[in-house]
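Here full-length UniProt numbering is used: the first residue of the sequence shown is 1, the next is one more, and so on.
Report on one structure; see the data block that follows.
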Amino acid sequence: MPQLDTERDEEVLREDLKFYFMNPCEKYRARRQIPWKFGLQILKIVMVTTQLILFGLRNQLVVSFKEENTMSFKHLFLKGYAGIEEDDYSLTIYTQQEVYDSIYFAVNQYCQIKNVSLGTVGYDDEDNIGGLNICKQQYQRGTAVPSNATFYVDPTIETECLHVNPQLFPDKTLTDLQLLNSSFFKFEFYRLIQIEISFKLKAIDLQTIRSRELPDCYEFENTITFDNRAHSGKLKIYFDSDADIEECKDWHISGSTQKNTHYILVFDGFVLLTCFTSLILCTRSIILALKLQKRFVNFFLEKYNRRVCHADRLEFINGWYVLVIISDLMTIIGSIFKMEIKAKNLTSYDVCSLLLGTSTLLVWVGVIRYLGYFQKYNVLILTMQASLPKVLRFCCCAGMIYLGYTFCGWIVLGPYHEKFEDLNTVAECLFSLVNGDDMFATFAQIQQKSTLVWLFSRLYLYSFISLFIYMILSLFIALITDSYETIKKYQQNGFPATDLHEFLKENDVILGTKSYRIRTRPSVSFMCCCRRQRIDDDLILIN
């Protein structure tokens with residue numbers, strides 16, 4: 001009797017293992033179990049993608065409003081701005097009078113912003129106007145006589161600020177402002193490091209009403225920086241605008257805008273419910289898989305007195321379920337953020353975009369799991385899985401060489417080539433060269449002021465391109481090709497058998513003939529129309 005019980009337990013365990021490693025269609029044919037998770041994932045893909053598109057269209061309006069306001073501010077507050085950026089700064093000036101004129105122009109435009117601006121722009125607080133701050137940084141003491149190459153500078157930096165009230169300024173000229181603050185506006189340019197003009201403006205984005213969205217209220221923190229740190233006679237002017245979205249304090253919109261907002265909130269609620277259900281089902285599947293793993297490990301230890309290898313243990317951990325759980329968590333959190341943004345309780349567009357974008361990426365990547373049920377698509381997935389460890393090790397070795405070229409190019413070619421001025425730009429330039437982009441321009445833009453550096457640049461670029469394109473990139477492709485050939489050979493001759501595979505092959509029981517009472521007539525379910533040949537069953541364990 002104990003032997004019969006053991007054989008019965010072994011048979012039940014084998015059938016449970018076979019059922020676990022089946023795809024949704026085979027599970028339906030075996031037990032008539034409807035593949036709820038499969039249907040839910042398809043529904044979730046549609047809903048999450050729709051949610052992302054709706055949020056993306058809304059986010060486009062936010063981005064365009066910020067960018068267009070920043071551009072209009074540059075035209076309003078920078079004298080002589082022509083709309084063409086010079087590198088990372090907006091404008092350059094070369095005379096002392098231009099410095100004074102630019103400061104006065106910015107202050108005057110700020111005081112008359114309501115009369116000159118075309119946008120819905122106002123001061124930070126209408127009742128208690130915050131005003132505009134002008135701060136200058138300069139060396140505490142110093143003298144410089146270039147004619148005889150003598151100077152004295154105290155490197156201690158002092159900062160002095162001036163507050164300008166726009167209510168008092170319109171009736172005054174630049175001369176009046178200088179007379180009232182003569183000591184402040186008496187710039188000693190050999191000591192001057194930078195001048196910073198900062199002010200806040202508020203605006204309302206009314207364009208969203210056309211798309212039946214509630215408008216947002218913005219606060220723009222604008223900063224104009226006159227950078228004289230180089231003391232080269234070329235003063236760079238930077239304009240920076242940081243926009244914060246705020247909840248509008250008092251608003252009223254007639255029509256169907258509010259109703260449209262409620263509809264979108266209800267849809268977001270359905271997305272939350274779908275993802276939460278998917279999260280519960282996938283978590284339940286992982287828990288059941290771990291219990292099944294424990295049963296198999298204990299049975300193997302009791303009957304064969306041998307521990308199950310690590311590879312067989314990992315067969316029970318479905319990585320796709322882990323991916324789905326991560327995606328569901330990010331979608332749930334992102335949907336909550338989106339609903340709060342829609343209700344105007346939060347303004348964290350960047351965080352919401354990160355969560356929803358990443359979760360949608362993971363959802364679509366998860367579709368590969370279902371394509372893997374077909375043998376031709378499964379080759380691609382298995383090749384990626386087999387080549388990934390070798391590719392990562394190879395990239396670590398190649399990365400050391402890449403970093404060496406990056407540091408070398410930055411320190412040697414940086415002063416003579418704009419693409420090698422900083423480490424980030426060097427890394428991007430070299431990556432473009434690996435992909436065959438912009439090669440001629442990289443060679444041609446090197447300055448020929450130093451013959452030694454010019455010759456080194458040729459040796460540097462030729463060696464990098466030859467090494468990475470002809471050798472490293474070819475080896476990279478060869479690793480993937482080798483993995484592909486290995487998988488093709490396994491599919492023809494069979495995959496290496498492990499203890500788990502051998503256990504499932506013993507007493508090859510047709511699942512369901514006794515325990516699950518499967519009907520003999522063929523299934524006509526649409527979900528199970530993708531029948532697979534039984535010779536492919538062992539491929540499921542490699543997913």
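No residue lacks a Cβ here, since even glycine has one placed at the ideal position from N, Cα and C.
Just so it is clear, the structure is predicted and the values come from calculations on it, not from any experiment.
Cβ shell of residue i (< 7 Å), same chain only, five flanking positions each side left out
i	result
T261	L214 and K342
L461	T442 and F443
V308	F296, V297, F300 and D499
T70	S241
I332	L272, C275 and F276
L13	R295, F296 and F299
Top-ranked residue by Cα proximity to residue i, from the options
i	options	result
L265	L455, G233, K344 and G131	K344
E158	F337, I193 and K27	I193
E196	L475, I480 and S102	S102
I84	Y238, I113, V12 and F226	Y238
F276	L118, K44 and Q445	K44
C352	V164, V367, S335 and G366	S335
S90	W364, G80, V379 and E98	G80
R31	K37, N435 and F19	F19
C248	I204, Y263 and T274	I204
R393	E219, K291 and I480	I480
D227	V453, V99, K66 and L473	V99
S474	C395, M439 and I381	C395
L459	Q138, V412, F185 and Y190	V412
C25	A398, R14, K37 and D438	K37
R58	Y370, I209 and E221	I209
Y186	Q137, S285 and F220	Looking at the sequence shown, residue 186 is not Tyr but Lys. The shortest C-alpha separation from K186 is found at Q137.
D328	A386, M22 and Q41	Q41
Q96	G409, N378 and E188	E188
A243	E219, T451, A82 and G39	E219
C453	L430, P389, F420 and K303	The amino acid occupying residue 453 in the given sequence is Val; Cys does not appear at that position. Comparing Cα positions, the closest option is F420.
Residue i (DSSP reduced to helix, strand or coil)
i	result
E7	helix
Y94	coil
K234	coil
Y370	helix
A343	coil
T120	coil
F38	helix
N115	helix
E502	helix
A203	strand
D154	coil
S348	coil
L214	coil
I84	coil
Q137	strand
Y190	coil
N165	coil
N148	helix
E485	helix
Chain-order list of residues whose beta-carbon lies under 6 Å from that of residue i (same chain, five-residue window excluded)
i	result
Q140	D154, T156 and E158
H163	G131 and N133
Q447	Y416
K27	Q33
Q109	L76 and F77
L323	L362 and G366
V434	F468
8 Å Cβ shell around residue i - same chain, five flanking residues per side excluded
i	result
S72	S117, L118 and G119
K338	Q51, F55, D268, C352 and L356
T383	I480, S483, Y484 and I487
D350	none
message = Under 8 Å, with one C-beta from each stretch per pair, do the segment 460 to 472 and the segment 355 to 366 reach the 3-pair mark?
response = no
ask   = Which runs of the alpha helix (DSSP H), 4 residues or longer, sit entirely within the segment 410 to 457?
value = Contiguous alpha helix (DSSP H) elements confined to the segment 410 to 457 occur at 423 to 434 and 439 to 444, taking only those with 4 or more residues.
task = Could you tell me whether the segment 296 to 316 touches the segment 8 to 24, where touching means 3 or more Cβ pairs closer than 8 Å?
result = yes
Segment contact flag, the segment 425 to 433 with the segment 398 to 412, C-beta cutoff 8 Å, min 3 pairs = yes
ask   = Can at least three beta-carbon pairs, one atom from the segment 359 to 367 and one from the segment 48 to 56, be found at a separation below 8 Å?
value = yes
message = Does the segment 268 to 285 come into contact with the segment 217 to 236, if we say contact requires no fewer than three beta-carbon pairs (one atom in each stretch) closer than 8 Å?
response = no
request  = Could you pull out every unbroken alpha helix (DSSP H) segment of at least 4 residues lying fully inside the segment 300 to 331, listed in chain order?
outcome  = 310 to 315
request  = Would you check if the segment 310 to 320 and the segment 283 to 295 touch, i.e. whether three or more CB-CB distances between them fall below 8 Å?
outcome  = yes
Ordered list of alpha helix (DSSP H) runs contained in the segment 22 to 78, each at least 4 residues = Those alpha helix (DSSP H) runs which fall completely within the segment 22 to 78 and span 4+ residues are 24 to 31 and 36 to 77.
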